[in-house]
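Some notes on the structure that comes next.
Number of protein chains: 2
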Amino acid sequence: MVGIAEKEVAALQKRYRDDIHARLKQAMESYDTPFFDLLRYHLGWLEADGSPSAAETGKGLRPVLCLTACELAGGDWRSALPAAAGLELIHNFSLVHDDIQDQDDTRWGRATLWKVHGKSAAIAAGNAMRVIADRTVLALTESGVAPAMVADAEAQFIQRYLEMIEGQYLDMSFEQAEQVTVDQYLDMIGKKTGALIESAMYLGALVGTGDRDVAHGFGSCGRRLGLAFQIRDDYLGIWGDPAATGKPVGSDIRRKKKSLPIVHLFQQATSAERTSLDAAYAKDEIEGGDVQKVLAMLDAHDAPAYVQRSAESHAEAAVRDLDSLNLPADAKRKLEAMAEFFVTRSK
Amino acid sequence: MVGIAEKEVAALQKRYRDDIHARLKQAMESYDTPFFDLLRYHLGWLEADGSPSAAETGKGLRPVLCLTACELAGGDWRSALPAAAGLELIHNFSLVHDDIQDQDDTRWGRATLWKVHGKSAAIAAGNAMRVIADRTVLALTESGVAPAMVADAEAQFIQRYLEMIEGQYLDMSFEQAEQVTVDQYLDMIGKKTGALIESAMYLGALVGTGDRDVAHGFGSCGRRLGLAFQIRDDYLGIWGDPAATGKPVGSDIRRKKKSLPIVHLFQQATSAERTSLDAAYAKDEIEGGDVQKVLAMLDAHDAPAYVQRSAESHAEAAVRDLDSLNLPADAKRKLEAMAEFFVTRSK
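Respectively, the protein sequence lines represent chains A and B. Under the working numbering, think of the first position of the first sequence as -12, with each following residue one higher. Under the working numbering, think of the first position of the second sequence as -12, with each following residue one higher.
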């Protein structure tokens, strides 16, 4: 089953990839002062020395979901390309700033933008990326989308990425918090990860049908897919295969991320375990023996199974969200494959 | 004369102040999760501990110019309040990020946002401020402005603040540059400072008249006023009275800012002076005796008079930009007072 879902998603990615890339190039075309080369570096189009590059950068999931939603809803996916490109740009805006906030040195096997050009320049470049993202979504008018519908699309897009910004803040502030409840955690990842995937599917379906109710159905599905995606991410952040994820075992434990496994553990811990946990989390970074202790406690409380079940239940709810839309069987199958891929992927 | 211009501008500030403040409060109203208290701290509405505050924060020049332009163009200034509030918010977005980029500890006599909440949180708060700024400008529809005109206003607003973002980047990159020409300098401040003041007057006039040509005339005037404002700022950054500016003598020299006096000096320097300048600017920070040397060279090349004349010529050109619009004498006088204040202010 895993293999089939992966193949189906890979086929979707391949189907849209070149057109997404071309639309991104078009979005950046008119920005030709040296400042904008910083954005091109981040996007993998230029090397740090300004020479051309074709680096691999990200899975492009948001644009693929946008175009898929457009097509499954019965529209011409090409008309949603400005929205797809805008989503990829806003995602990259957040990555540029996230890398500064998290002090990450590398992304996609390359030095992060701030590592090459400094934090101040990278803040500005991220800000510019966000402006171009907005403008690219507004270019939906060029696909023949009615102005009022474009205004609706842009308003939804803005609302969702404001949630994303707040979600990133909450994620960071949770690292300092003593205790985080599952509800707080779900609210945070709904904002940090769910909101933009919601926007991707909402925009695709809106452009595809011009029907706000259908778009809301797809958006709701996207939000839940986002939860499933993030929870699987949390799973991989602790139990992922280092060879696939590129991160050491227990990576999220070391960084004191309040990911779902840890939130679950803090809630389930016995008072003896809690004392030991509090001691570990009082340190600036969790290392060596403490990582092993936390891993053992997670196992004792069946955290891997709990977390995986949680991801799957959100993926199932996502698929159910579309029941009322009476999609063709083929469309439904594609969505199910996407949902399955989200919770079975190994990187 | 100085006194009259200052009084006239103070009267305008007083006339609009309460309404601008009320519109800002309204713009922030629906953002009630704890994250948005960071924005309220920056705006001077909350103390760091969350208790209410009424701190003095900034001159509010951009909203005042927006409302003034609206009124002088013959419109009802109240209808431009969403634009005025949006301008103040976007200005504050840039201040929040600038303070991080420039590592400034205090602003308006208070700890900067990043100093209180950390850089990562302040980046996110700035990003959120920008979103609220956009939305506030879009609320012009509530003033009865036609949707197509609001779209035009928002497009111009976005274009100008993208320039502002690039200008901030250029300003920082000039600090590392060996030589900057006057043209490069003017391009940079046109973007960093001119663009948003252009937007302020464009939006005010557009809302006031619904006439894009009139708006462009006011916008062009604003751009030049912005140049005049920034050049006067450069003057004060070196020769301002520390008691008025709150900065030490030669402050911009110490920080190696490529402000107009320095750009002028590098262009005029004899080869002996240039050697001495290069030695001073090769250091991380310029201190003590080197500051005095640079100050002496600036005097030898009449830099104070050159810089002040430059500011005044841009202010005069700004006023001339409006000649073709045949404004009433009273309107013209108000603008002249504003222009004069920009180049004579002592802080």
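For glycine and all other residues, C-beta sits at the position ideal for the given N, C-alpha and C. The model shown is predicted, which means the values in this text are computed figures rather than measured ones.
Just the C-alpha distance for residue i and residue j, rounded to the nearest angstrom, thanks.
i: residue 232 of chain B; j: residue 223 of chain B; result: 7 Å
i: residue 275 of chain B; j: residue 42 of chain A; result: 48 Å
i: residue 25 of chain B; j: residue 100 of chain B; result: 7 Å
i: residue 182 of chain A; j: residue 174 of chain A; result: 10 Å
i: residue 3 of chain A; j: residue 71 of chain A; result: 10 Å
i: residue -11 of chain A; j: residue 248 of chain A; result: Residue placement at residue -11 of chain A is poorly supported in this model, since its pLDDT is 49, which falls under 50; the coordinates still yield a value, given next. So the two alpha carbons sit approximately 23 Å from each other.
i: residue 55 of chain A; j: residue 61 of chain A; result: 10 Å
i: residue -2 of chain A; j: residue 214 of chain B; result: 54 Å
i: residue 74 of chain A; j: residue 271 of chain B; result: 40 Å
i: residue 322 of chain A; j: residue 21 of chain B; result: 36 Å
i: residue 136 of chain B; j: residue 193 of chain B; result: 8 Å
i: residue 313 of chain B; j: residue 117 of chain A; result: 40 Å
i: residue 302 of chain A; j: residue 268 of chain A; result: 31 Å
i: residue 285 of chain A; j: residue 256 of chain A; result: 9 Å
i: residue 144 of chain A; j: residue 287 of chain A; result: 42 Å
i: residue 343 of chain B; j: residue 156 of chain B; result: With chain B represented from -12 up to 334, any question about residue 343 of chain B goes unanswered, as that position is not in the structure.
i: residue 318 of chain B; j: residue 0 of chain B; result: 16 Å
i: residue 320 of chain A; j: residue 326 of chain A; result: 10 Å
i: residue 191 of chain B; j: residue 47 of chain A; result: 41 Å
i: residue 294 of chain B; j: residue 93 of chain A; result: 45 Å
i: residue -5 of chain A; j: residue 29 of chain B; result: 48 Å
i: residue 97 of chain B; j: residue 176 of chain B; result: 26 Å
i: residue 164 of chain B; j: residue 34 of chain A; result: 21 Å
i: residue 221 of chain A; j: residue 95 of chain B; result: 42 Å
i: residue 111 of chain B; j: residue 235 of chain A; result: 28 Å
i: residue -9 of chain B; j: residue 332 of chain B; result: 12 Å
i: residue 120 of chain A; j: residue 242 of chain B; result: 34 Å
i: residue 149 of chain A; j: residue 109 of chain B; result: 14 Å
i: residue 254 of chain B; j: residue 167 of chain B; result: 9 Å
i: residue 53 of chain B; j: residue 142 of chain B; result: 16 Å
i: residue 207 of chain A; j: residue 307 of chain A; result: 10 Å
i: residue 139 of chain B; j: residue 171 of chain A; result: 40 Å
i: residue 19 of chain B; j: residue 315 of chain A; result: 42 Å
i: residue 87 of chain B; j: residue 107 of chain A; result: 8 Å
i: residue 104 of chain A; j: residue 36 of chain A; result: 11 Å
i: residue 230 of chain A; j: residue 292 of chain A; result: 22 Å
Verify whether the separation of the beta carbon atoms of residue i and residue j is less than 8 Å.
i: residue 124 of chain A; j: residue 50 of chain A; result: no
i: residue 58 of chain A; j: residue 328 of chain A; result: no
i: residue 211 of chain B; j: residue 115 of chain B; result: no
i: residue 81 of chain A; j: residue 159 of chain A; result: no
i: residue 250 of chain B; j: residue 298 of chain B; result: no
i: residue 280 of chain A; j: residue 263 of chain A; result: yes
i: residue 204 of chain B; j: residue 76 of chain B; result: no
i: residue 239 of chain B; j: residue 225 of chain B; result: yes
i: residue 38 of chain B; j: residue 32 of chain B; result: no
i: residue 132 of chain A; j: residue 186 of chain A; result: no
i: residue 245 of chain B; j: residue 162 of chain B; result: yes
i: residue 278 of chain B; j: residue 237 of chain B; result: yes
i: residue 252 of chain A; j: residue 290 of chain A; result: yes
i: residue 84 of chain B; j: residue 45 of chain B; result: no
Residue i: beta carbon under 7 Å from a heavy atom of the ligand GDP?
i: residue 109 of chain B; result: Looking at this structure, you won't find the ligand GDP or any other ligand, since it has none at all.
TODO: Jot down the residue ranges of each uninterrupted alpha helix (DSSP H) in the region 250 to 306 of chain A, minimum 4 residues, whole runs only, in chain order.
DONE: Taking only runs of at least 4 residues, the alpha helix (DSSP H) segments lying wholly in the region 250 to 306 of chain A are 258 to 268, 275 to 287.
Task: Residues in the region 144 to 164 of chain A having any Cβ partner in chain B nearer than 8 Å - done: Listed in sequence order: 145, 148, 149, 152, 153, 155, 156, 157, 159, 160.
TODO: Could you run through the region 99 to 113 of chain A and flag, in chain order, every residue whose CB is less than 7 Å away from some CB of chain B?
DONE: Cβ contacts with chain B come from 107, 108, 110, 111.
- [ ] Counting only runs of 4+ residues fully inside the region 84 to 137 of chain A, write out the alpha helix (DSSP H) ranges in chain order.
- [x] Entirely contained in the region 84 to 137 of chain A, the alpha helix (DSSP H) runs reaching 4 residues are, in chain order, 100 to 104, 106 to 125.
- [ ] Check distances from the C-beta atoms of the region 247 to 264 of chain B to those of chain A and list, in chain order, the residues that come in under 9 Å.
- [x] Look at the region 247 to 264 of chain B: it has no residue with a C-beta under 9 Å from a C-beta of chain A.
Open item on the list: So if I threshold CB-CB distances at 7 Å, which residues from the region 11 to 36 of chain A count as touching chain B?
Closed with: Cβ contacts with chain B come from 20, 22.
TODO: Output the residue ranges of the beta strand (DSSP E) runs that lie fully inside the region 162 to 186 of chain A and measure 3 residues or longer, sorted by chain position.
DONE: Counting whole runs of 3 or more residues, the region 162 to 186 of chain A contains no beta strand (DSSP E) stretch at all.
- [ ] Could you list the residues in the region 84 to 96 of chain A with a C-beta less than 7 Å from some C-beta on chain B, going in chain order?
- [x] Hits within the stretch, in order: 84, 87, 88.
Open item on the list: In chain order, what are the residue ranges of uninterrupted alpha helix (DSSP H) at least 4 long that sit wholly in the region -12 to 68 of chain B?
Closed with: If we require 4 residues or more, the alpha helix (DSSP H) runs fully inside the region -12 to 68 of chain B come out as -11 to 15, 24 to 29, 48 to 59.
Task: Interface residues of the region 113 to 126 of chain B facing chain A [CB-CB below 9 Å] - done: When C-beta distances to chain A are compared with 9 Å, the residues of the region 113 to 126 of chain B below that value are 113, 114, 115, 117, 118, 119, 121, 122, 125, in chain order.
Task: Every unbroken alpha helix (DSSP H) within the region 184 to 239 of chain B, with a cutoff of 4 residues, ordered by chain - done: Qualifying alpha helix (DSSP H) stretches, in chain order: 199 to 226, 229 to 232.
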